[in-house]
Amino acid sequence: MPKEAFGGDIDDEVPEERKKLGLDKFELSPDMNIRDLFWKIIGSYAATKKPGIELEKLEEERFALMRVAVSVLSNPEGEKFGLPSKFISLYSSMMMLDGKWEDEFGEFLEIALNKKYDIFESVGSALKKLVTQDEYKKIIYSYMMNMLRNSDDAPVALAHVAFIKEAELSRFLKKELVIFARGDIGKNQNSAIEAISTIKEEPEVKKAFIILLSHWDKNARASAAKALEGIDDEEVKKAAREKLNSESDAEIKKILKRIAK
Numbered sequence: 083m084p085k086e087a088f089g090g091d092i093d094d095e096v097p098e099e100r101k102k103l104g105l106d107k108f109e110l111s112p113d114m115n116i117r118d119l120f121w122k123i124i125g126s127y128a129a130t131k132k133p134g135i136e137l138e139k140l141e142e143e144r145f146a147l148m149r150v151a152v153s154v155l156s157n158p159e160g161e162k163f164g165l166p167s168k169f170i171s172l173y174s175s176m177m178m179l180d181g182k183w184e185d186e187f188g189e190f191l192e193i194a195l196n197k198k199y200d201i202f203e204s205v206g207s208a209l210k211k212l213v214t215q216d217e218y219k220k221i222i223y224s225y226m227m228n229m230l231r232n233s234d235d236a237p238v239a240l241a242h243v244a245f246i247k248e249a250e251l252s253r254f255l256k257k258e259l260v261i262f263a264r265g266d267i268g269k270n271q272n273s274a275i276e277a278i279s280t281i282k283e284e285p286e287v288k289k290a291f292i293i294l295l296s297h298w299d300k301n302a303r304a305s306a307a308k309a310l311e312g313i314d315d316e317e318v319k320k321a322a323r324e325k326l327n328s329e330s331d332a333e334i335k336k337i338l339k340r341i342a343k
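Structure below.
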């Protein structure tokens, strides 16, 4: 995904939105610009849950439409259309998913991680809703899998999957998430652990958390211990008892003692 998404002001990066478009092929007014087109699509989703236009014909405009979504979401007080941010995030995500705009959807998620725009929770909440809907979940599953398998995109997917924290999605991505939980460090590892904590009783996940009790990073050990707490399983209790003597962190020891009972 293009890294320039993080630089500059979104409005400055989409001069097209102030230009008139050749929209005769969409049976729209020739005076309509990108922002008008965006609101026409969002308005249609609000009224009918459909885009009201053939999105496959908007391949050339998809990038600018995504940027308008970011601009609107990051400056909600400047918009007078009366839609809360949660619905704009929802309908913008639906637009990209319905259009099969995988590249722009991925960049949308990447931009959402930038604190400058303050849209992460809004976008994450939209995905949390869409991932439970049959018409969207398979698309989201596929896109997230593709992102996890790309080293540049994996941190973005991990952050969103951790926020969504939906068991069925985590189960679908389980193999990749376990690899990140066991083999990565820092934010990626923490996000993976958070995501698979929703399916912590599954054998592969439980095993990963038991292994992580011996991790060099106390944050990873703490996250694994917290995940294992509440599992009524002799294997887990035995692992906690074995780690009690070697654990140096007092808070983690408290958790291990509770597990070991």
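Per my numbering, the very first residue in the sequence shown carries number 83; after that it's consecutive. Even glycine gets a Cβ: it sits at the ideal position worked out from N, Cα and C.
Given S348 as reference, the closest of R117, L310 and K182 once Cα atoms are compared: No answer is possible for residue 348: it lies beyond the span of the chain, which begins at 83 and ends at 343.
Under 8 Å, with one C-beta from each stretch per pair, do the segment 252-272 and the segment 197-206 reach the 3-pair mark? They do not touch, by the three-pair rule.
Assigned secondary structure, P158 (DSSP; H/G/I helix, E/B strand, else coil): By 1-based counting over the sequence shown, the position of residue 158 is 76. Assignment of P158 by DSSP, reduced to helix, strand and coil, places it in the helix class.
Quick one: grab the DSSP three-state call for T214. For this step, residue 214 is matched to residue 132 along the sequence shown. Correct three-state label for T214: coil.
Could you round the C-beta distance between A274 and L251 to whole angstroms and report it? I think they count as a contact, below 8 Å. On the sequence shown, residue 274 is found 192 positions in, with the first residue counted as 1. On the sequence shown, residue 251 is found 169 positions in, with the first residue counted as 1. Rounded, the Cβ-Cβ distance is 13 Å, inconsistent with contact.
Residues in the same chain with beta-carbon distance under 8 Å from N270, minus the five sequence neighbours each way, listed in chain order, please. Walking along the sequence shown from the start, residue 270 turns up at place 188. Counting only Cβ-Cβ distances below 8 Å, and skipping sequence neighbours, we find A236, P237, L240 and F262.
Sufficient close CB pairs (3 or more, under 8 Å) joining the segment 172-190 to the segment 133-148: As far as the Cβ criterion goes, the segment 172-190 touches the segment 133-148, which means the pair count is three or higher.
On the three-state DSSP scale, how would you describe N301? What you label residue 301 is simply residue 219 of the sequence shown in a count that begins at 1. In the structure shown, N301 sits in a helix (DSSP, three-state: H, G or I).
Opening and closing residue of the alpha helix (DSSP H) in which Y127 lies: Translated into positions along the sequence shown, residue 127 becomes position 45. Counting along the chain, the unbroken alpha helix (DSSP H) around Y127 starts and ends at I116 to T130.
Helix, strand or coil for S207? Go by DSSP, reduced to three states. One-based indexing of the sequence shown puts residue 207 at position 125. The DSSP-derived three-state label of S207 is helix.
Using 8 Å for Cβ pairs, my map puts E248 next to V213. What's the rounded Cβ distance? Your numbering for residue 248 matches position 166 in the sequence shown. Your numbering for residue 213 matches position 131 in the sequence shown. For a cut-off of 8 Å, the C-beta gap from E248 to V213 is around 5 Å, short enough to register as a contact.
Taking the CB atoms as reference points, tell me whether W209 and I246 lie closer together than 7 Å. In the sequence shown, counting from the first residue as 1, residue 209 sits at position 127. In the sequence shown, counting from the first residue as 1, residue 246 sits at position 164. One detail in the question is off: residue 209 reads as Leu in this sequence, not Trp. Yes. Within cutoff.
How many whole angstroms separate the CB atoms of E142 and G181, which I take to be in contact at a CB cut-off of 8 Å? Taking the sequence shown and counting its residues from 1, the one referred to as residue 142 is at position 60. Taking the sequence shown and counting its residues from 1, the one referred to as residue 181 is at position 99. For E142 against G181, the beta-carbon gap comes to about 12 Å, at or over 8 Å, which does not count as contact.
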